[in-house]
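Data first, discussion second: the structure below is written as structure tokens.
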Amino acid sequence: TLLETDQILLLGHSTGGFTSLSVAEKLPQHIKAMLILDGFHQGIWGMPLRSAQITARLPFVGKTLFMAYGSILSSNGLTFKAGFNLLAVKRRAMRQNPAYPMMLQVIRDAVIAGPIDANYPYYRYMPDIDILPRLTNIQTPTLIVHGDVDSIIHPQQAKDMQATLPNATLTWLESGHMPNLEAGDAY
16 TLLETDQILL LGHSTGGFTS LSVAEKLPQH IKAMLILDGF HQGIWGMPLR
66 SAQITARLPF VGKTLFMAYG SILSSNGLTF KAGFNLLAVK RRAMRQNPAY
116 PMMLQVIRDA VIAGPIDANY PYYRYMPDID ILPRLTNIQT PTLIVHGDVD
166 SIIHPQQAKD MQATLPNATL TWLESGHMPN LEAGDAY
């Protein structure tokens with residue numbers, strides 16, 4: 016429970032960045048500062064996640080195909096690893112990072128812990144949500160850090176957020192969507 020005077024620092028990566036922005040809008044008195052890492056204001060993503068979004072939006076068969084798509088990706092360690100590696104642009108740097116095996120396992124465990132159909136609404140409806148117009152209301156000091164070649168969240172979203180958030184600074188990393196694994200010491 017937050018006390019009336021408590022303030023926290025928010026750090027959000029990807030969807031966590033979207034969530035942090037939404038929290039800062041609703042509870043500004045509790046947010047001291049934010050770090051948005053490869054976050055977004057609108058849930059339109061690049062490949063390979065875009066294919067899952069398109070699949071989920073197909074009339075009549077979208078949910079069934081989405082479920083099959085998710086089942087295949089999470090069915091074993093090799094298919095999950097292959098899908099996970101597509102999230103990065105600097106795949107060699109990512110695979111050589113000592114944290115890579117642990118992060119891969121933690122994320123896979125989280126994905127397979129829940130039912131695949133629980134993700135369906137997220138992929139189906141996220142492209143329709145854009146909070147950019149509401150960002151002008153957020154006065155919280157915000158550092159936006161974004162991979163300059165992020166293929167999942169287009170770098171234009173970072174530029175849009177910096178231009179709209181009144182107290183935002185934008186910093187680029189030479190990486191894709193997984194800067195913690197791709198950018199090495201710069202991260």
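All you need for the numbering used here is the position in the sequence shown, starting with 1, plus 15. Note that the Cβ used here is the ideal one computed from N, Cα and C, for glycine as well.
Secondary-structure assignment with DSSP links residue 161 through a beta bridge to 187. For the pair residue 45 and residue 147, the CB atoms are not nearer than the 9 Å cut-off.
Taking all protein chains shown into account, residue 155 has 16 or more neighbouring C-beta atoms within 10 Å of its C-beta and is therefore buried. By the Cβ test, the stretch 178–186 is not in contact with the stretch 61–71, since fewer than three Cβ pairs between them sit closer than 8 Å. By the criterion of a C-beta distance shorter than 6 Å, residue 50 is surrounded in its chain by 26 and 158, once the five residues flanking it on both sides are discounted. Apart from sequence neighbours up to five positions away, the residues of its chain that approach residue 163 with a beta-carbon distance below 8 Å are 170, 187, 188, 189 and 190, ordered along the chain. Counting along the chain, the unbroken alpha helix (DSSP H) around residue 77 starts and ends at 77–89. Boundaries of the beta strand (DSSP E) harbouring residue 49: 46–52, taken from the DSSP string.
Relative to the Cα of residue 38, the nearest Cα in the group 195, 168, 59 and 150 belongs to 150. Contact between residue 23 and residue 142 does not hold, since the beta-carbon distance rounds to 30 Å and is not under 8 Å. Taken atom to atom, the span from the alpha-carbon of residue 178 to that of residue 35 is near 17 Å. The beta carbon of residue 119 lies closer than 7 Å to those of 96 and 99 in the same chain, with the five residues before and after it left out. Judged by DSSP in its simplified three-state form, residue 21 adopts coil rather than helix or strand.
The continuous alpha helix (DSSP H) containing residue 126 extends over residues 115–128. Residue 140 has its alpha-carbon roughly 16 Å from the corresponding atom of residue 168. With respect to residue 32, residue 54 sits close: the two C-beta atoms are nearer than 9 Å. For the set 160, 92 and 87, the Cα lying nearest the Cα of residue 195 is the one of 160. Nearest to residue 52 by alpha-carbon distance, out of 75, 74, 43 and 28, is 28. Relative to residue 85, the option among 122, 132, 47 and 92 whose CA is nearest is 132.
Bridge partners of residue 27 according to DSSP: 51.
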